[in-house]
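Numbering (our numbering), first residue to last: -7 to 361.
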C-alpha cells in the first residue's frame, strides 16, 4: 500500500514538474503580449508627448501590471497544459503511463488541482491587490501627471435616480465635503415621463442625524411649454436622499475599479436610487467567474495537448491564443446578452465557464479511452 502511494506521489510530482515551468513561461509570454498591445503605447505617449518623468512612468507601469497578470493566469494555465501534455504525448510518456494501468483522469488530477489554486489566487488578487494598484495608478495620473492638487472635497457630482426604468430625479452637487458632511451649490431636477417638471436650487446643505438638510433655496415649476415659474423660497428644507456623505462619494466612483465586495455595496446604493443595476450585476458575477476560467481552460488544454504528437511551443502558443480568443469572444457575447436583459446576469457571467467545462469534460473523457 505504501509503495502504491509513493508511486502516485512520484506521478503527481512528475506532472507538476512538467506543468510549472510552462505555466511561468505562459504568464511571461501573455503578459508581454498584453503589455505590448496596450500598456506600452500609453507609456510611450506619456514619455514622448507629455514628457512625464521616467520614474513616474515606471511606477505607473508597476501599478498597472497586477491587473494584466490576473488576465494572463487563465491563458497561462491553458498554454501550460497544452505544452506539458503535448510533451508527454510526443515522448510517449502518456502511452507508457496508460499502459501501466493509470487512467488519464488520474494523470490529470494534479494539474486540475493546480488550476483550482491558480483560480483562487487570481480571485484573491482581484479582491485585494488589483483594486489598490488601479487606484494608485489613477492617483499618479491625476496628481502627478495631470498636476491636480489632492483635495478633501469632491466637485461637480451627479446623482441620478430612476423609477420603473425612467429617470425621475437628477441631483447636482457643486462641492461636497465628505468628512464635514457639507455641500454647496445644489441643483435638483425632477422628471415625469421623461420631461422635467420641477427645479430646486440651494446654496448649501449638511448631513445631520442621518438626514440631509438644504438651506437658502428656491423651488421652480416647469410648465409643459418649457417656462420656468418660481413657486417659493425656503431657508431650510429636508432633502430626501438616503445616502450618507461617504455613500454619495462611493456612488460616483467607477464600478469597474472596485472589488467584488465594494461593487456589491455599490449595487445596493444604486438600488436605493432606483437605477437599473442589471449591467452591474453582470459585472459583479464576471468578477467572480473569470478567475475560474483557469480550471476549465486547463481541462481543454490537457485534452488538446494529449491529442498532439508532433508540435512545438510555437504551435502550442498559437492554439492557446485561438482558444483564449474564442473564450473571451463568447464571454463578451454573453455579457452583452446579460446587460441587455436577455438572459439573467448570473447565467451571462458563468455560461462561458459552463460551456467550456462541458466541452473539456467530453474531451477528457475521449482522451481517457
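Virtual Cβ for every residue (Gly too), placed ideally from N, Cα, C.
With 16 other Cβ atoms within 10 Å as the buried cut-off, status of residue i
i: residue 158; result: exposed
i: residue 287; result: buried
i: residue 291; result: buried
i: residue 316; result: buried
i: residue 155; result: exposed
i: residue 142; result: Its pLDDT being 48, under 50, residue 142 is placed unreliably by the model, and nothing is read from it.
i: residue 68; result: buried
i: residue 161; result: buried
i: residue 118; result: buried
i: residue 13; result: exposed
i: residue 46; result: exposed
i: residue 106; result: buried
i: residue 103; result: buried
i: residue 195; result: exposed
i: residue 59; result: buried
i: residue 79; result: buried
i: residue 279; result: buried
i: residue 153; result: buried
i: residue 23; result: buried
i: residue 348; result: buried
i: residue 334; result: exposed
i: residue 163; result: buried
i: residue 74; result: buried
i: residue 340; result: buried
i: residue 86; result: buried
i: residue 81; result: buried
i: residue 70; result: buried
Residue range of the alpha helix (DSSP H) that includes residue i
i: residue 269; result: Residue 269 -> no alpha helix (DSSP H), and no H or E assigned at all.
i: residue 173; result: It is not in any alpha helix (DSSP H) - residue 173 carries neither H nor E in the DSSP assignment.
i: residue 343; result: 337 to 359
i: residue 102; result: 96 to 119
i: residue 84; result: Taken as a continuous stretch (DSSP letters only), residue 84 belongs to no alpha helix (DSSP H), as it is neither H nor E.
i: residue 288; result: 285 to 298
Residue nearest to residue i in terms of C-alpha spacing, selected from the options
i: residue 21; options: 320, 194, 313 and 358; result: 313
i: residue 311; options: 47, 4, 57 and 72; result: 72
i: residue 352; options: 294, 327, 323 and 214; result: 294
i: residue 123; options: 338, 296, 343 and 248; result: 248
i: residue 166; options: 181, 149 and 174; result: 149
i: residue 199; options: 170, 209 and 215; result: 170
i: residue 6; options: 52, 55 and 76; result: 76
i: residue 358; options: 97, 325 and 338; result: 97
i: residue 114; options: 63, 51 and 92; result: 63
i: residue 239; options: 258, 232, 228 and 229; result: 258
i: residue 191; options: 212, 185, 197 and 126; result: 212
i: residue 328; options: 361, 285 and 273; result: 273
i: residue 25; options: 121, 254 and 309; result: 309
i: residue 151; options: 262, 218, 126 and 269; result: 262
i: residue 109; options: 91, 74 and 65; result: 65
i: residue 187; options: 215, 201, 177 and 173; result: 215
i: residue 253; options: 163, 86, 275 and 271; result: 275
i: residue 320; options: 299, 298, 343 and 332; result: 343
i: residue 350; options: 289, 129, 326 and 126; result: 289
i: residue 173; options: 332, 201 and 298; result: 201
Extent of the continuous beta strand (DSSP E) to which residue i belongs
i: residue 212; result: 203 to 214
i: residue 44; result: Here residue 44 belongs to no beta strand (DSSP E), and DSSP marks it neither H nor E.
i: residue 225; result: 220 to 231
i: residue 187; result: 187 to 200
Sequence-distant residues of the same chain with beta carbon closer than 7 Å to residue i, five excluded per side
i: residue 89; result: 99
i: residue 210; result: 193, 222 and 225
i: residue 269; result: 259, 262 and 263
Same chain, Cβ closer than 8 Å to residue i, five either side skipped, listed in chain order
i: residue 132; result: 48, 51, 52 and 55
i: residue 120; result: 251
i: residue 94; result: 3
i: residue 356; result: 96, 97, 100, 291, 294 and 295
i: residue 83; result: none
i: residue 127; result: 249
Assumed close pair residue i, residue j - CB separation to whole angstroms, cut-off 8 Å
i: residue 61; j: residue 19; result: 7 Å
i: residue 337; j: residue 277; result: 5 Å
i: residue 228; j: residue 207; result: 6 Å
i: residue 281; j: residue 345; result: 6 Å
i: residue 179; j: residue 204; result: Actually they do not touch by this definition, with Cβ atoms about 14 Å apart.
Beta carbon proximity, residue i to chain C, threshold 8 Å
i: residue 97; result: No chain C appears in the structure shown, which is made up of a single protein chain.
Proximal residues to residue i (C-beta, below 6 Å), its chain only, five neighbours per side dropped
i: residue 9; result: none
i: residue 111; result: 283, 284, 286 and 287
i: residue 175; result: 165, 168 and 197
i: residue 330; result: 274, 337 and 340
i: residue 322; result: 344
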